Each structure stands twice: as structure tokens, then as C-alpha cells.
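> Quick one: the structure is below, and I'll ask about it shortly.
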Amino acid sequence: MDTSFPSTTIAQRLASVRNSMTAAAQAAGRDPASVTLVAVSKFHPLHSVQEALAAHQCVFGENRVQEAATKFPNLRATHPNLRLHLIGGLQTNKAREAVRIADMIESLDRPALVDAIARAADAEGRLPDLLVEVNTGDEPQKFGVPREQADGFIRLCVQRFGASLRGLMCIPPAQQDPVPHFQLLRSMAHTHGLPVLSMGMSADFEQAIAQGATLVRVGSAIFGPRPTLA
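Residue numbers (my numbering): 202 to 431.
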């Protein structure tokens, strides 16, 4: 998808992404309503989020707990349908604030984080929806549970969190064909009876939809390049 759009607005970019999502779903014989757009607003200012909200975008993704906490809590009063997904690697010492502010945490990847989220949920009296992040490329620099450990870790999360463990997330290696990674994630989710597949970003969300994605995380195609000073 072409993301070089110097003169377009966030609303226009959202419309373009939504049209592309609809076309991809229809081409795959899927109901377009079965795929949810997560607008990744990380590093972008509050006014960009407000522009997207004005264009009827309700689901947002952020990497950093502290950044999300400065943008979103005050918006909920006027936008009760707003949903916040935390999609970045999560430190255990940020688990309680993450549980407090997020509707979904997409990055469970180690037992220590499972323990931290469980303790935080007990303390806060709420538990967001949760996804296991699978490092489908086994890249050492990336977050995510390694492939060979994924099945055991998913079972652990199901035992610990029950139905709040909703599905899986992945970020394929940048220089590889993403489709085999999407297929692997879909197979894992099917094995464990999990309904949510968070996969696909600005460059490959149409391929992800063809492989069964139920959440696509799109940032630059909506908000433009990351701000220089972020």
C-alpha cells in the first residue's frame, strides 16, 4: 500500500485503509466486519488521536504504557467506545498500570510477565483481554515467545487467565515473506481454539487478512511517518 501522502488528512488515510481492508476481506471470502483496525498511534501526538476519533476510529494501539497513559484516560469520558491496545514489549514493573488503562495487552511472552499481570489484575480488580506474542521468526532482538516454547506457554496462559486469553500476535521478520508467519500463527491459534489473530501492519495487512487476521495494526498508513523527535 502506498504510504506517501503528504497532502492527505488522517480521515482520508483511514478511509483508504478501511477500503483496502474491505477489499482484502471480500477477496478472501470473509465478512469485512470480522477484521478490526487497530490504529497504531505510538509516538504521534494527542491531536492526531483526536483527528482519528473524529473520523470514527475507536481502537488504538500504543507501545509504551507511559505514553498511552498521557493520551487516553481523559478521552474515555467523551469517547466511551474507545479501546486501547498495548502492543509493545511490556516490562513487569509496568504491568499494573498496563492492566489499569488497557482494554487489551497483546504482548504476553514470558512467565514473569504472566505472574506480574495476574498480580496486577488482582490488585486492580480488572483483567484486560490478552494475547500471546509469538516470535515467529525466532529473532533474538525481538520480543515474543520462541516458536518451540509457544505451545507450552499458550497452555500456561490459558490455565492462568481462562477466556481472557483471547489469541495470538506476531510481527514477522522485516525482510521475509510474511505469509508463512501468518500461516504459522493461524495454525497455532486453531490448535489452541483461540479466536483472535493480531497480525499485519501497514505494509502487509492485506496479506494478513487473506490468512485470517482478526486484528490488523496499522500506523504509518494512517498517521504518517514517525515524528522526528519521538
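Quick reminder that beta carbons are idealized off the backbone N, C-alpha and C, glycines included.
Keep in mind it's a predicted model, so treat the numbers as computed, not measured.
Look at the Cβ atom of G368, then the Cβ atom of L395, and state whether they are nearer than 8 Å.
Between G368 and L395, the C-beta spacing is below 8 Å.
> Buried or exposed for P379, going by 16 or more other Cβ atoms inside 10 Å?
Result: buried.
> Please state if the CB of A240 and the CB of D212 are separated by a distance shorter than 8 Å.
It is Ala, not Asp, that sits at residue 212 in the sequence shown. Going by C-beta atoms, A212 is not nearer than 8 Å to A240.
> So the beta strand (DSSP E) F244 belongs to, where does it begin and stop?
It is not in any beta strand (DSSP E) - F244 carries neither H nor E in the DSSP assignment.
> Within a Cβ cutoff of 8 Å, which residues of the same chain sit near P428, ignoring the five residues on either side of it in sequence?
F244, H245 and P246
> Just to confirm the assignment, what range does the beta strand (DSSP E) spanning I306 have?
M305 to L309 is the extent of the beta strand (DSSP E) around I306.
> Mind checking whether I288 and A299 have CB atoms under 8 Å apart?
Pairing I288 with A299 gives a Cβ-Cβ distance that is not under 8 Å.
> Can you confirm whether A270, when its beta carbon is compared against all beta carbons of chain D, has any partner nearer than 8 Å?
Absent here is chain D; the protein component of the structure consists of one chain.
> With R214 and I423 assumed to form a contact (beta carbons below 8 Å), what rounded beta-carbon distance in angstroms separates them?
5 Å
> According to DSSP, which residues form a beta bridge with D330?
M305
> How do the segment 348–361 and the segment 315–322 stand: do at least 3 beta-carbon pairs fall below 8 Å, yes or no?
yes
> Can you give the Cα-Cα distance for T223 and G230, rounded to whole angstroms?
11 Å
> By how many angstroms is the C-alpha of L398 removed from the C-alpha of T337?
Each residue's Cα considered, the two are about 13 Å apart.
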